[in-house]
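Numbering (the working numbering), first residue to last: 53 to 506.
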C-alpha cells in the first residue's frame with residue numbers, strides 16, 4: 053500500500069513530484085488502486101494541471117526506518133524492465149532523524165540531478181536529502197532520467213527523536229540498515245577537498261574557534277550522521293607538508309584507542325586542512341562543577357588520559373596540546389564518564405595555535421619557537437588541566453599577569469594542596485608534585501604513573 057496522500061495543501065513531511073512523463077504514468081497507472089493525488093507542482097505553475105505527486109509522512113512510531121521504496125516490488129511500484137525490484141529507498145537515520153536516499157540497484161543506476169546534487173557515497177551508495185541538497189533524482193534510461201523525481205519539503209529535516217529514544221529495526225529493508233556499524237570507517241587517505249573521495253559535510257553548528265582554526269558540528273552527507281570538523285587555516289601552501297600529512301593520516305586511520313577520540317579522516321586544499329572526528333557531548337570545561345563536588349572524580353579522568361598519552365608515546369608522538377578543550381567526554385548509562393583525548397591537529401601539523409598558554413610546560417613556555425613538546429611536557433599539561441578542572445579561579449588569576457612567567461609557579465604550588473585533598477587510598481602512591489616538577493627530567497612518564505595507579 054502506498055503512503056498516505058492528501059489534497060492541497062500538502063500534509064506530508066515531504067512530497068515526491070513526478071518530473072518525467074514516465075514517472076507521471078507510473079503514478080497514474082496505480083491511481084485506481086491507491087489514493088495517489090493528481091496535484092500540481094507549486095514550483096512549476098505551468099505544469100499544475102498535469103504533474104502528479106505522492107506525499108510521504110515520517111511515521112510517529114519510533115520503529116520505522118523505511119519511509120518509501122521505489123521499484124518493481126516497491127511501495128511505489130514501477131513496472132519497467134530497467135528498474136530493479138527495489139531501485140531506491142528513502143530512509144530515516146535512526147539516531148539523527150536525517151533522511152537518506154539509498155540506491156538499491158545492483159548496477160548503481162539511481163542518479164542525482166540539478167544544481168543541488170552531490171553524489172552517492174561509499175559502498176552502500178547513500179546520500180542525505182533535505183531542503184537544500186539533492187532535490188532531484190531519477191533512474192532508468194541511458195541518462196538515468198527516464199523516471200525522474202523532485203523532492204519538496206513541507207517540514208525541514210532532521211526529524212527529532214521522541215524522548216531521545218532511537219528508532220528501531222523495522223521497515224521494508226530493516227536489517228540492512230539496522231546492522232550497519234554505528235561508527236564511521238576511518239579513511240587512510242589525505243583527500244583533496246575537490247576530489248570525489250572527499251567527505252561532503254554541511255556545517256550545522258559552531259562549536260569553538262582559535263587563532264587559526266575553528267571547530268563545528270557538521271552533517272555528513274554520506275551517512276546522515278553528525279561529525280566534528282576542525283578546520284585549520286594554512287599560512288603557506290601545504291605542498292611541502294603534504295606527504296607528512298598523508299603518512300600521519302594513514303597511521304591514525306589504522307590505529308585506535310578507547311581514550312582517543314575516533315579519527316574519521318582528513319582533507320586538504322591550498323588554504324585549509326579539515327580534520328574530521330566523531331562528535332562527542334562536550335569537553336571537560338562542562339564538568340568543572342561535577343569534579344568540584346568530589347575531588348576523587350578526577351581519578352578516572354587522570355587514568356584514562358594517561359592511558360591515551362602512553363599509547364601515543366608508544367607510537368612515538370607527544371600530543372602537545374593537552375588542555376580542557378581537547379579532552380572530550382561521553383556520559384555512560386551508569387552515570388560515569390568516558391574521557392577521550394582530541395586535538396589531532398597538533399600532531400598532524402606538528403604545530404600549535406592555542407590562544408592561551410597556561411597549560412604548557414615550563415620548557416615549552418621558555419622556548420616557544422622550538423616547540424619543545426615531549427611526553428614529559430604532556431604530563432605537565434595534564435596536571436595543569438586537572439588544576440583547571442578543580443580550581444578554575446586560581447588558574448584564571450594568572451591570566452592577568454603581564455606575561456605567563458607566573459603560571460608554572462602557580463601550578464606547582466597547587467600540586468601539594470591537591471594531593472592532600474584527594475584521598476591517598478584512591479591515588480595509591482601517586483603524587484601530583486611529581487607531575488608538576490619544573491624539570492621534565494624529574495617528571496614521570498605516563499606508563500610510570502599508570503603503574504602507581506594500578
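Glycine included, every Cβ here is placed at the ideal spot set by N, Cα and C. Computed from a predicted structure; not experimentally measured.
For residue 269, the enclosing beta strand (DSSP E) starts and ends at 265-272. Per DSSP, residue 200 lies in no alpha helix (DSSP H) segment; the continuous beta strand (DSSP E) that holds it begins and ends at 199-205. Residue state for residue 335 is assigned as strand, using DSSP reduced to three classes. As far as DSSP is concerned, residue 176 takes part in no beta bridge. Counting C-beta pairs with one atom in each stretch, the segment 142-150 and the segment 268-278 have three or more that are closer than 8 Å, which means they touch. 78 is the residue among 372, 328, 433 and 78 whose C-alpha sits nearest the C-alpha of residue 198. DSSP places residue 299 within a helical segment (H, G or I) once states are collapsed to three.
Contact between residue 186 and residue 202 is absent: CB atoms are separated by about 11 Å, not below the 8 Å threshold.
Sequence-distant Cβ neighbours of residue 309 in its own chain, meaning closer than 7 Å and more than five residues away, are 360 and 363. Judged by beta-carbon spacing, residue 329 lies beyond the 9 Å limit of residue 350, meaning their Cβ atoms are not closer than that value. When only Cα atoms are considered, residue 110 and residue 64 end up about 8 Å apart. Boundaries of the beta strand (DSSP E) around residue 380: 379-383.
Annotation: residue 171 to residue 273 spans about 9 Å, alpha carbon to alpha carbon.
Counting along the chain, residue 106 sits inside the beta strand (DSSP E) bounded by residues 105-108. Judged by DSSP secondary structure, residue 136 falls outside any beta strand (DSSP E); it is assigned neither H nor E. The residue among 337, 355, 303 and 380 with its C-alpha nearest the C-alpha of residue 368 is 303. Inter-residue distance for residue 130 and residue 150 is about 26 Å (C-alpha atoms, whole angstroms).
Cβ neighbours of residue 211 within its own chain (closer than 6 Å, five residues either side excluded): 110 and 149. Counted as a single uninterrupted DSSP element, the beta strand (DSSP E) harbouring residue 255 occupies residues 253-262.
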